[in-house]
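One structure is given here, and the rest of the page talks about it.
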């Protein structure tokens with residue numbers, strides 16, 4: 180068998196030359212003062228954030244509340260002024276998403292969803308989230324992780340090319356992936372340490388970092404339970420709060436170190452924050468449409484649709500999807516712009532690129548011209564017959580599609596797809612009220628205020644008592660103190 184020994188001197192020389200090239204990419208870390216391997220200049224880092232920011236806003240949307248946006252910007256700027264990169268211009272944006280999330284782009288672009296804001300209960304907790312994300316920016320974590328991944332690819336190519344061993348590239352990538360993932364965990368802890376430090380410097384209570392983790396761990400457990408009930412993947416926060424338990428020893432140490440530099444534990448600002456939360460949209464937004472049981476209402480588009488009773492309805496950014504509880508059937512609704520006056524059948528053939536249409540026929544519904552047919556298509560569950568319905572409404576094409584898996588009669592839900600399409604209609608006056616988003620309303624608790632009573636008066640459709648407790652950091656069985664502010668969703 181051939182030996183690799185003759186190749187080793189060349190491999191060593193190649194790696195040395197590669198290392199010298201990479202050393203030229205080292206830069207001083209703004210936080211530690213140490214030399215880091217960074218293959219991206221600060222100018223490129225800032226440009227990258229500037230390029231990605233419009234994409235984030237286009238996909239997720241900016242929450243339309245100028246006062247709230249300005250408030251979050253002010254809190255963020257106070258923290259950023261005490262950071263290791265105060266010369267950057269930071270932009271803090273509340274995104275119009277019900278998901279619980281916060282993240283940062285290179286160059287000072289930081290985002291928090293209204294879904295996460297709903298579960299926070301003080302300005303200090305808001306500052307904890309923003310401080311953590313500022314820490315990612317100041318320590319250039321995105322850039323450093325990008326550089327680590329790049330080096331992994333370079334070294335993998337060198338090793339594979341120099342040894343000539345089949346699979347060496349894969350081996351190098353596997354090793355590199357492990358390094359980057361470990362690096363990511365360390366980045367999260369460093370961002371937490373920096374966030375706690377910035378909280379202390381600004382006068383907030385660093386312990387709010389732990390409070391946020393407790394709140395979101397409760398929310399995460401409830402979301403996992405709810406997702407299991409609804410047969411979907413849980414939507415959970417993927418930052419620090421999903422990687423560290425609140426009793427993590429290192430986490431306790433970094434927060435404790437920051438607390439040593441605060442007076443009287445630092446500011447909390449609970450009531451001021453809760454008063455600003457009054458009116459915050461909770462759950463679906465009117466812009467994306469509102470779910471009420473198996474019904475979907477969209478006020479800006481003036482439409483209502485009823486999906487089959489008992490099916491799970493999920494409102495995604497680009498479509499609404501209903502699935503059976505067992506997952507063996509699916510119906511999807513979406514819309515597309517009409518750019519040319521073509522027959523509805525041609526829309527299926529040309530725009531959707533369908534072929535071999537079966538059982539096709541023209542249809543009319545509420546004065547709208549349309550067409551329906553079945554096309555056999557490749558799906559995640561194999562090649563299946565999919566029912567399609569297209570209806571023309573002004574300059575839009577309303578598209579319904581649905582299928583059943585191959586565990587039984589492939590046409591068993593065909594009638595339900597057609598019924599869903601025929602359920603489409605403009606909103607009635609009564610439905611316009613149902614098409615309004617749920618909003619948080621803040622009240623002051625009385626001596627007899629109980630979460631069970633607030634839940635009975637709430638419009639939250641699923642587990643209202645549990646969700647109200649989560650919103651108020653009273654999960655699983657706490658009660659509000661008399662005189663305290665409480666978030667409700669009437």
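Numbering (my numbering), first residue to last: 180 to 669. The beta carbon of each residue, even a glycine, is placed where N, CA and C say it ideally should be. All figures in this text were calculated on a predicted structure; none of them were measured in a lab.
The beta-carbon distance between residue 497 and residue 513, rounded to whole angstroms, is 6 Å. This is short enough to meet the 8 Å contact definition. By the criterion of a C-beta distance shorter than 6 Å, residue 288 is surrounded in its chain by 228, 232 and 270, once the five residues flanking it on both sides are discounted. Closest in alpha carbon position to residue 275, among 248, 300, 264 and 283, is 248.
Residue pairing by DSSP places residue 502 opposite 491 and 509 in a beta bridge.
Residue 249: member of the alpha helix (DSSP H) spanning 245 to 259, first to last residue.
Looking only at 577, 517 and 531, the smallest Cα-Cα distance to residue 544 is reached by 577.
Distance from the CA atom of residue 446 to the CA atom of residue 302, rounded to whole angstroms, is 8 Å. Residue 240 and residue 392 have their C-alpha atoms roughly 26 Å apart.
Between residue 606 and residue 614, the CB-CB gap stays under 8 Å. Following the DSSP letters along the chain, one finds residue 388 in no beta strand (DSSP E) but inside the alpha helix (DSSP H) bounded by residues 387 to 409.
Exclusion of the five residues before and after residue 316 leaves 283 and 287 as the residues of its chain whose Cβ lies within less than 6 Å of its Cβ. Given a length threshold of 4 residues, each whole run of the alpha helix (DSSP H) inside the region 572 to 620 is given here in chain order: 593 to 601 and 608 to 613.
Straight-line spacing of the CA atoms in residue 242 and residue 467 works out to 12 Å. Under the criterion of beta carbons closer than 8 Å, residue 279 and residue 250 do not qualify as touching, at roughly 19 Å.
Counted as a single uninterrupted DSSP element, the alpha helix (DSSP H) harbouring residue 308 occupies residues 302 to 317. The C-beta separation of residue 547 from residue 570 comes to about 5 Å, placing the pair in contact by the 8 Å criterion. Contact check between the region 636 to 651 and the region 487 to 495: fewer than three CB pairs, one atom from each, fall below 8 Å, which does not count as touching.
Cα atoms of residue 473 and residue 379: separation of roughly 48 Å, rounded to the nearest angstrom. In this chain, the alpha helix (DSSP H) harbouring residue 293 covers 293 to 296.
In this chain, the beta strand (DSSP E) harbouring residue 270 covers 270 to 274. Excluding the 5 residues flanking it on each side, residue 440 has same chain C-beta neighbours closer than 6 Å at 379, in chain order.
With a cut-off of 8 Å on Cβ pairs, the region 428 to 442 is in contact with the region 382 to 391, counting three or more such pairs.
Here residue 510 is actually not in contact with residue 590; their C-beta atoms are around 14 Å apart, not less than 8 Å.
A straight line joining the alpha-carbon of residue 619 with that of residue 448 spans about 19 Å. Between the C-alpha atoms of residue 458 and residue 290 there is a straight-line separation of about 20 Å. The alpha-carbon of residue 522 is positioned some 21 Å away from that of residue 555. Measuring C-alpha to C-alpha distances from residue 306 to each of 371, 366 and 662 identifies 371 as the nearest.
Burial is judged here by how many other beta carbons sit within 10 angstroms of a residue's own beta carbon; residue 367 has at least 16 and is buried. At least 8 Å separates the beta-carbon of residue 369 from that of residue 310. The beta carbon of residue 601 is closer than 8 Å to those of 544 in its chain, skipping five residues each way along the sequence. Contact between residue 517 and residue 574 is confirmed by a C-beta separation of about 5 Å, below the 8 Å threshold. In the three-state scheme derived from DSSP, where H, G and I count as helix and E and B as strand, residue 282 is classed as strand. Residue 460 is bridged by DSSP to 618. Counting only residues of its own chain and dropping the five nearest sequence neighbours on each side, residue 562 has a CB closer than 8 Å to the CB of 555 and 556. Take residue 265, set aside five residues on each side of it, and the residues of its chain with a beta-carbon closer than 8 Å to its own are 259, in chain order. If you draw a straight line from the Cα of residue 560 to the Cα of residue 405, it is about 25 Å long.
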